[in-house]
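Inspection log for the structure reproduced underneath, given as structure tokens.
Protein chains: 2
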Amino acid sequence: MKLTHFNNVPLENVNAEGAENTKIRWLISDKDKAPNFALRMFELEPGGHTPYHTHNWEHESFILQGTGVLVTSEGEKKFQQWDVIYIDPNTYHQFKNTGDTLLRFLCAIPLKTKKTETKNPLGDRQVNNC
Amino acid sequence: MKLTHFNNVPLENVNAEGAENTKIRWLISDKDKAPNFALRMFELEPGGHTPYHTHNWEHESFILQGTGVLVTSEGEKKFQQWDVIYIDPNTYHQFKNTGDTLLRFLCAIPLKTKKTETKNPLGDRQVNNC
């Protein structure tokens, strides 16, 4: 069992190619013995973005604060605080902070999916991004 | 892919025995073709609570607004906005709104775990609760 404030969880740089001004907190992960999925918080400075990429696992996201756009192969869609975003496996996506304030969102991913099919046009193969 | 505001997702009563003044929104679920886990939002009125119970699957939770206590076999622990809560499988737990305002929190659960071991002292066997 774990009960802690989010800011007690280390804030780590996301160094994946294609990511800019993006940080991550692994709020709940296999380090907590979570058996099936991990809950992460992303923090993007204004102008920051995650890589535009695709992979064989899903994202379940919730916008905590700030505004931005979700980039997909069908174009850009704006999002705002307390929006819910589900991204199917094998779907190109990118989160961009288009506002003037910090963007924070949650992003949960499965832990058991064999992660084999990352396709990041910018060459990254890390899972430590969104 | 799904991008919507949380209040576009239906707010449903939680009728499980032991729950009081508790409602749920299934933000992302198997209805969205999510393959591994579901993301729900709970809304508890002041004084409201989920059942005190245990089951063989985990919870990964994040407090969005309001205050309350998490009841476990080791006693009560207070929580506040933007706290992170991980509850291991087979661990007794209950969420209580002890504040004067609406308590909203996210709670993710696995979809594939065979849900066989619910032990709710109040007799409920539904999964539609937290």
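Here the protein sequences line up with chains Y and C, keeping their order. Numbering-wise, this note's numbering puts 10 at position 10 of the first sequence, and it's gapless, one number per residue. In this note's numbering, each residue's number is its place in the second sequence (first place is 1) plus 130. We put the beta carbon where it would ideally sit given N, CA and C, even for glycine. A quick note: this is a predicted structure, and the numbers were derived from the prediction, not measured.
Of the listed residues the options, nearest to residue i (C-alpha basis)
i      : options                    : result
Y/A107 : Y/N13, Y/L64, Y/T54, Y/Y92 : Reading off the sequence shown, one finds Cys at residue 107 of chain Y, where the question assumed Ala. Closest by alpha carbon: Y/L64.
Y/V84  : C/L157, C/E206, C/F209     : C/L157
Y/H53  : Y/F62, Y/P10, Y/L70, Y/G66 : Y/L70
Y/K2   : Y/T91, Y/S29, Y/E12, Y/E20 : Y/S29
CB contact flag (residue i, residue j, <8 Å)
i      : j      : result
Y/P89  : Y/F37  : no
Y/A34  : C/E204 : no
C/F209 : Y/W82  : no
CB-CB length for residue i against residue j, believed under 8 Å
i      : j      : result
C/G198 : C/F225 : 6 Å
C/T202 : C/Y222 : 6 Å
Y/F62  : C/L169 : 7 Å
Cβ neighbours of residue i in the same chain (closer than 7 Å, five flanking residues each side left out)
i      : result
Y/T113 : N56, W57
Y/V14  : T22, K23, I24, N128, N129
Y/D98  : The sequence given here places Thr at residue 98 of chain Y; Asp does not occur at that position. The residues are T67, G68, V69.
C/T134 : none
Spatial neighbours of residue i in its chain, beta-carbon cut-off 6 Å, leaving aside the 5 residues before and after
i     : result
Y/E76 : V69
Y/N8  : none
Y/D32 : K2
Residue i Cβ short of 7 Å to the ligand MN heavy atom set
i      : result
C/V139 : The ligand MN is absent from the structure shown, which contains no ligand whatsoever.
Same chain, Cβ closer than 8 Å to residue i, five either side skipped, listed in chain order
i      : result
C/K245 : H185, N186, W187, V257
C/E150 : G177, G178, H179
Review point. With contact counted as at least three CB pairs below 8 Å, one residue from each stretch, are the stretch 102 to 112 of chain Y and the stretch 37 to 51 of chain Y in contact?
Key: Yes, they touch.
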